[in-house]
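Novice: After the structure tokens below, expect a handful of questions from me.
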Amino acid sequence: EPEVTQTPSHQVTQMGQEVILRCVPISNHLYFYWYRQILGQKVEFLVSFYNNEISEKSEIFDDQFSVERPDGSNFTLKIRSTKLEDSAMYFCASSDDGESTDTQYFGPGTRLTVL
Amino acid sequence: LAKTTQPISMDSYEGQEVNITCSHNNIATNDYITWYQQFPSQGPRFIIQGYKTKVTNEVASLFIPADRKSSTLSLPRVSLSDTAVYYCLVGVKSGGGADGLTFGKGTHLIIQP
Chain A
1 EPEVTQTPSH
11 QVTQMGQEVI
21 LRCVPISNHL
31 YFYWYRQILG
41 QKVEFLVSFY
51 NNEISEKSEI
61 FDDQFSVERP
71 DGSNFTLKIR
81 STKLEDSAMY
91 FCASSDDGES
101 TDTQYFGPGT
111 RLTVL
Chain B
1 LAKTTQPISM
11 DSYEGQEVNI
21 TCSHNNIATN
31 DYITWYQQFP
41 SQGPRFIIQG
51 YKTKVTNEVA
61 SLFIPADRKS
71 STLSLPRVSL
81 SDTAVYYCLV
91 GVKSGGGADG
101 LTFGKGTHLI
111 IQP
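Residue numbers (the numbering used here), protein chains in the order written: chain A, 1 to 115; chain B, 1 to 113.
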């Protein structure tokens, strides 16, 4: 069964550093998403991406965040200058062309630790 | 978005049937009901989705009464590996959209031997 993959599984960085989280969505999917989950809290939507542009973003997704699909397979989330409060699990998800349901397929996540 | 209410936690035993009910009193006409499952340190996983009546797949059943103001996820013969958080989401079927999902706190289901 096809699945979403994410790398790295765990990233440790110093406050103020830039990090790039990588995702490979399911190959025939057209919609891509990033979510985050701070330890012990809810899964929170960050951004959705379609047709090479951002479709929707939450209040969390401020100027420190950016997303990119640099080639036909990868989807990245960049945090320009990390803060302690950016420590969380970051999940990438993808869904198909919308003819089906609201089913989004999530990756295993990247645990980001900001020191 | 329709607000959902579900129990914070539930306990059951291996081999039992578990029913988790979700209330969504202000569900809109074109909203679907979707359930996701999340194990610790993993991403949410789609379980089942429905609009009305009953939907069944290899993992679970979803019962939706005629007024659609609630829904019940039924897990038959649970095992220890069903211990997870279960989320009820209500929203529009994404026909061409790219809507982010809104997760609540979910129901933490604990299965004991």
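From the three backbone atoms N, C-alpha and C, an ideal C-beta is built for every residue, glycine too.
Taking a contact to mean a Cβ-Cβ separation below 8 Å, would you say GLY109 (chain A) touches GLY43 (chain B) in this structure?
Specialist: Yes; because the gap between Cβ atoms is below 8 Å, this pair is in contact.
Novice: Count the C-beta pairs between the region 74-85 of chain A and the region 15-28 of chain A that are closer than 8 Å, then say yes if the count reaches three, no if not.
Specialist: Yes, they touch.
Novice: Could you name the residues of chain A that GLN6 (chain B) contacts, counting a contact when the two beta carbons are closer than 9 Å?
Specialist: Per Cβ cutoff of 9 Å: no residues; GLN6 (chain B) is ~13 Å from chain A at best.
Novice: Using only the alpha-carbon positions, how far apart do ILE20 (chain B) and ILE48 (chain B) sit?
Specialist: Rounded to the nearest angstrom, the two C-alpha atoms are 13 Å apart.
Novice: Answer yes or no: do PHE45 (chain A) and SER58 (chain A) have a C-beta to C-beta separation smaller than 8 Å?
Specialist: Result yes, Cβ atoms of PHE45 (chain A) and SER58 (chain A) sit closer than 8 Å.
Novice: With a CB to CB cut of under 6 Å and the five nearest residues on each side skipped, what residues in its chain are close to TYR31 (chain A)?
Specialist: Cβ neighbours of TYR31 (chain A) beyond the five flanking positions: TYR50, SER95.
Novice: Cutting at 8 Å between CB atoms, please list the residues of its own chain near ARG69 (chain A), excluding the five before and the five after it.
Specialist: Around ARG69 (chain A): PHE32, PHE49, ASN52, PHE75, THR76.
Novice: Taking the alpha-carbon of SER129 (chain A) as reference, which of A:HIS10, A:THR7, A:GLU1 has the nearest alpha-carbon?
Specialist: Here chain A has residues from 1 to 115 only, and residue 129 (chain A) is not among them.
Novice: Under the assumption that TYR86 (chain B) contacts GLN37 (chain B) (Cβ atoms under 8 Å), give the Cβ distance between them as a whole number of angstroms.
Specialist: Yes, TYR86 (chain B) and GLN37 (chain B) are in contact; Cβ-Cβ is about 6 Å, under 8 Å.
Novice: Where does GLY96 (chain B) land, buried or exposed, given buried means 16+ other C-beta within 10 angstroms?
Specialist: Caution applies to GLY96 (chain B), whose pLDDT of 45 falls short of 50 and renders its modelled position unreliable; the model cannot decide the point.
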